[in-house]
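Visitor:
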Amino acid sequence: SQQGEEDPQALSIQEGENATMNCSYKTSINNLQWYRQNSGRGLVHLILIRSNEREKHSGRLRVTLDTSKKSSSLLITASRAADTASYFCATDASNKLVFGAGTILRVKS
Amino acid sequence: DAGVIQSPRHEVTEMGQEVTLRCKPISGHDYLFWYRQTMMRGLELLIYFNNNVPIDDSGMPEDRFSAKMPNASFSTLKIQPSEPRDSAVYFCASMFSGYGYTFGSGTRLTVV
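Protein chains in written order, with our numbering: chain H, -3 to 105; chain F, 9 to 120.
Following this line, the structure appears as structure tokens:
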């Protein structure tokens, strides 16, 4: 069963624009993580935000976490064609990750 | 570090045959996970190990599936007998407590 639900399911933007993806979950968590998957490849860990953190940055990535609303967002700034991929949020409640269905991001050059 | 290594990358087998998928985790990681990914069901956790001990196998679909981790550097996922509905990409991932997962490249299994 999937705990995280991403929104939107698909997103198409122009290179240089920002992309925002949202994730909602249902139960208490220890941390929330975001992963990227390029077509036909494995998942790559992007960023981990712990339940006592509200915002985290890594390069062009910005993640927020609102535990009261059980939601998170991933912002990719100044997108590039190479950012085209599927993005998944995953919640960790007991050292095992439960993944959402993902957002397919397409960045047009 | 070469990362998490899975083999084979692709496997095509006939229904009823035994299939064994292999995984070498990152040295020093104390958790190992097996996931299955399909278009219909997304990423599903099958089983995970902590320090080589199976902790939660509630995601294993049925008795045809079994997994072992005989030591810290090797794990197998076996399907016997295989069925067409087992066709999927199977991922292995390892983790050091409290940090992000490192996934392998996956094994694409096709059962005909």
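Ideal placement from N, C-alpha and C gives every residue a C-beta, glycine not left out. Please read all numbers here as calculations on a predicted model, not as lab measurements.
Under the three-state reduction of DSSP, which class applies to serine -3(H): helix, strand or coil?
Guide: In this prediction, serine -3(H) scores a pLDDT of 45, lower than 50, which makes its location untrustworthy; the coordinate-derived value is nonetheless stated afterwards. In the structure shown, serine -3(H) sits in coil (DSSP, three-state: anything other than H, G, I, E or B).
Visitor: Use the C-beta contact count for tyrosine 56(F): other C-beta atoms within 10 angstroms, 16 or more gives buried, fewer gives exposed.
Guide: So tyrosine 56(F) counts as buried.
Visitor: Between the region 24 to 38 of chain F and the region 48 to 56 of chain H, do three or more beta carbon pairs fall short of 8 Å?
Guide: The region 24 to 38 of chain F vs the region 48 to 56 of chain H: no contact.
Visitor: I'd like the ranges of any beta strand (DSSP E) spanning at least 3 consecutive residues and lying wholly in the region 22 to 64 of chain H.
Guide: The qualifying runs are 27 to 33, 39 to 46, 51 to 54 and 57 to 62.
Visitor: Is the Cβ-Cβ distance between alanine 6(H) and isoleucine 72(H) less than 8 Å?
Guide: Not in contact: alanine 6(H) and isoleucine 72(H) (Cβ atoms no closer than 8 Å).
Visitor: Determine the closest residue to serine 90(F) out of His18(F), Tyr107(F), Phe104(F) and Leu117(F), with distance taken between C-alpha atoms.
Guide: Minimum Cα distance to serine 90(F) is reached at Leu117(F).
Visitor: Can you list, in chain order, the residues of its chain whose CB lies under 6 Å from that of glycine 70(H), leaving out five sequence neighbours each side?
Guide: The amino acid occupying residue 70(H) in the given sequence is leucine; glycine does not appear at that position. Only Met17, Trp30 and Val59 meet the Cβ criterion.
Visitor: Could you say if the region 59 to 71 of chain F and the region 98 to 116 of chain F meet the contact criterion of at least three C-beta pairs nearer than 8 Å?
Guide: Not touching, per the Cβ criterion.
Visitor: Grouping DSSP H, G and I as helix and E and B as strand, with all else coil, what is arginine 93(F)?
Guide: If DSSP states are grouped into helix, strand and coil, arginine 93(F) belongs with the helices.
Visitor: Would serine 113(F) count as contacting chain H if we go by Cβ distances under 8 Å?
Guide: Yes, its Cβ sits closer than 8 Å to a Cβ of chain H.
Visitor: Which residues in chain F have a C-beta closer than 9 Å to the C-beta of lysine 52(H)? List them in chain order.
Guide: Ordered by position in chain F, no residue passes the 9 Å Cβ test against lysine 52(H), which lies about 12 Å from the chain.
Visitor: In the structure shown, what three-state DSSP assignment does alanine 86(H) receive?
Guide: Three-state DSSP puts alanine 86(H) in a strand.
Visitor: Please state whether DSSP places alanine 78(H) in a helix, a strand or coil.
Guide: Residue state, collapsed to three classes: helix.
Visitor: Helix, strand or coil for glycine 96(H), going by three-state DSSP, please let me know.
Guide: Here glycine 96(H) sits in coil by DSSP.
Visitor: Name the chain F residues that come within less than 7 Å of glycine 38(H), Cβ to Cβ?
Guide: Under the 7 Å cutoff, chain F gives Phe99, Phe111, Gly112, Ser113 and Gly114.
Visitor: Would you report the Cα separation of leucine 93(H) and phenylalanine 82(F), rounded to the nearest angstrom?
Guide: Cα to Cα, the separation comes out at about 21 Å.
Visitor: Among all the DSSP beta bridges, which residues are the ones paired with arginine 116(F)?
Guide: In the DSSP output, where bridge partners are listed per residue, arginine 116(F) has His18(F) and Val97(F).
Visitor: If you draw a straight line from the alpha carbon of alanine 75(F) to that of leucine 85(F), how long is it in whole angstroms?
Guide: Alanine 75(F) and leucine 85(F): Cα-Cα distance of roughly 4 Å.
Visitor: Suppose the cutoff is 7 Å on Cβ atoms and the five residues either side in sequence are ignored; what does the same chain contact list for proline 16(F) look like?
Guide: The residues are Thr115.
Visitor: Interface residues of chain F around asparagine 34(H) at Cβ under 9 Å?
Guide: Neighbours of asparagine 34(H) on chain F: none; closest Cβ ~11 Å, over 9 Å.
Visitor: Closest Cβ-Cβ distance between lysine 22(H) and chain F: below 8 Å?
Guide: Output row for lysine 22(H): interface = no.
Visitor: In terms of residue numbering, what span does the beta strand (DSSP E) encompassing methionine 77(F) cover?
Guide: First-last of the beta strand (DSSP E) with methionine 77(F): 73 to 79.
Visitor: Measuring only the C-alpha atoms, how far is tyrosine 98(F) from threonine 23(H)?
Guide: Looking at the two C-alpha atoms, the distance is approximately 26 Å.
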